[in-house]
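What follows is a single structure, written as structure tokens, with notes after it.
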Amino acid sequence: MFLNFHSRRHRTRVGKLHPAAIVAITLAAAILLTLLIGNLLYDWLDDETYRKLTDGEDETEPASPIINVPSRKVNAYPFALGDDLGEVLGSPALSVAINTPDGKVAYTSAVTAYLGLPDTPDVPLIETMGELCSYIPHASGVFYAQAFSQTDPDLFYAAALADAALLREFANAGADELLLCGLPCEPAALDRVMLYLRAIKTNLPKIAVGVAVPLDAAEAEGSWEILSSMLTVCDFCALDLSREPIDSTDTAEGELSPSAVALLSEVSFYLDAYGMRILIAADQAALLTVLELQMYPNYQVLPPIKQDEI
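Quick note, the numbering used here runs 10 ahead of the 1-based positions in the sequence shown.
What follows is the structure in structure tokens.
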């Protein structure tokens, strides 16, 4: 009996693990579990989230928030600074040229002189805008973006800031809103467009800034992404119909142009879905007549480009 008891005690002692071995096994299991969880996180999470979990948040300050400004519904008619204000007195709003598509500024100012921009020497910005704002309740500045002619990223950023400086000066001179034209509204250029709009809005936080979107761009595949993205930064979009043909020969005297009526009916989806303003050219008289007689609440006429400015 003594022998059997001794044999059981011997077997029990042999089955126990040394404390050091238990610690080693625990550490090994913890290391394996950590590696397994790390690999799973890398597979499951996107790169940005994984980086934040593993490396922590960046110490750099976040980008300044964009302040959206409510835009007004307007009936804005074309005007060039330096022209006779007597011809537009009584207009509810004016569509004021800031520059031409090739970059010539429609006035002269401290910023145009500093940046060395081609301008109009006999039209001083401060005096002419001061007079305009004394008689007209709402001025919408029409600006053709110049930065997108630059392909180098650094030059593009510098040109965007130059555009922003010019627009900031125009806003400080009394403008109520700004409409940006000539932006490339296609998916491939969306990143550059968003960078540009952020540069503009960051420098102009208190004034409504809109973007003109050509009809063919609005109708293109994936346009919803472009419009939705831009509207997270800019304050409104205008549907640019200025290049759409209008047949004025099909209109009997005293009647509305059928082609103009049809065009407005075709684009009603975009106007309603995105709250867009209608943008037309000064020579689209038949289309303007329809807008006026049907009392459209939100449209703007582009200032004509003078022949000596092309």
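Each residue gets a CB set at the ideal place from its N, CA and C atoms; glycine is no exception.
Close beta carbons around residue i, own chain, < 6 Å, minus the five adjacent residues each side
| i | result |
| --- | --- |
| residue 127 | 115 |
| residue 129 | 115, 118, 122 |
| residue 36 | none |
| residue 282 | none |
Spatial neighbours of residue i in its chain, beta-carbon cut-off 8 Å, leaving aside the 5 residues before and after
| i | result |
| --- | --- |
| residue 235 | 197, 200 |
| residue 138 | 91, 92, 117 |
| residue 227 | 195, 196, 233, 236 |
| residue 248 | 189, 220, 221, 222, 223, 286, 287, 288, 289, 310 |
| residue 252 | 289, 290, 291, 294, 312 |
| residue 303 | 266 |
| residue 125 | 172, 175, 176 |
| residue 2 | The question about residue 2 has no answer, for the chain in this structure spans 11 to 320. |
| residue 275 | none |
| residue 307 | 83, 85 |
| residue 179 | 119, 120, 121, 135 |
| residue 104 | 86, 87, 88, 89, 98, 142, 146, 148, 149, 150 |
Sequence-distant residues of the same chain with beta carbon closer than 7 Å to residue i, five excluded per side
| i | result |
| --- | --- |
| residue 177 | 153, 188, 210, 214 |
| residue 78 | 245 |
| residue 160 | 166, 169 |
| residue 296 | 256, 258, 261, 267, 270 |
| residue 131 | 118 |
| residue 301 | 288, 309 |
| residue 141 | 95 |
| residue 254 | 225, 273 |
| residue 305 | none |
Where the beta strand (DSSP E) through residue i begins and ends
| i | result |
| --- | --- |
| residue 106 | 103 to 107 |
| residue 116 | Counting along the chain, residue 116 falls outside any beta strand (DSSP E), and DSSP gives it neither H nor E. |
| residue 88 | 85 to 89 |
Member of the options whose CA lies at the smallest distance from the CA of residue i
| i | options | result |
| --- | --- | --- |
| residue 156 | 173, 163, 164 | 173 |
| residue 324 | 292, 306, 305, 242 | No answer is possible for residue 324: it lies beyond the span of the chain, which begins at 11 and ends at 320. |
| residue 202 | 240, 256, 95, 143 | 240 |
| residue 136 | 307, 281, 229, 120 | 120 |
| residue 102 | 284, 300, 150, 76 | 150 |
| residue 143 | 242, 298, 183, 131 | 183 |
| residue 243 | 76, 80, 36 | 76 |
| residue 134 | 148, 147, 108 | 108 |
| residue 80 | 158, 112, 254, 218 | 218 |
| residue 158 | 148, 113, 179 | 113 |
| residue 284 | 147, 238, 104 | 238 |
Extent of the continuous alpha helix (DSSP H) to which residue i belongs
| i | result |
| --- | --- |
| residue 9 | The chain is shown only over 11 to 320; residue 9 falls outside these bounds and no answer can be derived. |
Interface flag, residue i vs chain B, CB-CB below 9 Å
| i | result |
| --- | --- |
| residue 279 | No chain B appears in the structure shown, which is made up of a single protein chain. |
Pairwise C-alpha distance: residue j and residue i
| i | j | result |
| --- | --- | --- |
| residue 99 | residue 231 | 43 Å |
| residue 192 | residue 163 | 18 Å |
| residue 207 | residue 82 | 19 Å |
| residue 205 | residue 106 | 25 Å |
| residue 175 | residue 181 | 10 Å |
| residue 277 | residue 267 | 16 Å |
| residue 145 | residue 185 | 13 Å |
| residue 225 | residue 250 | 6 Å |
| residue 96 | residue 279 | 38 Å |
| residue 273 | residue 85 | 19 Å |
| residue 229 | residue 216 | 31 Å |
Checklist entry - Could you give the uninterrupted runs of the alpha helix (DSSP H) lying entirely in the segment 129 to 199, keeping only those of 4 residues or more? => result 135 to 145, 163 to 182
Item to check | Length at least 3, wholly inside the segment 225 to 313: the beta strand (DSSP E) runs in chain order | outcome: 246 to 250, 287 to 290, 309 to 311
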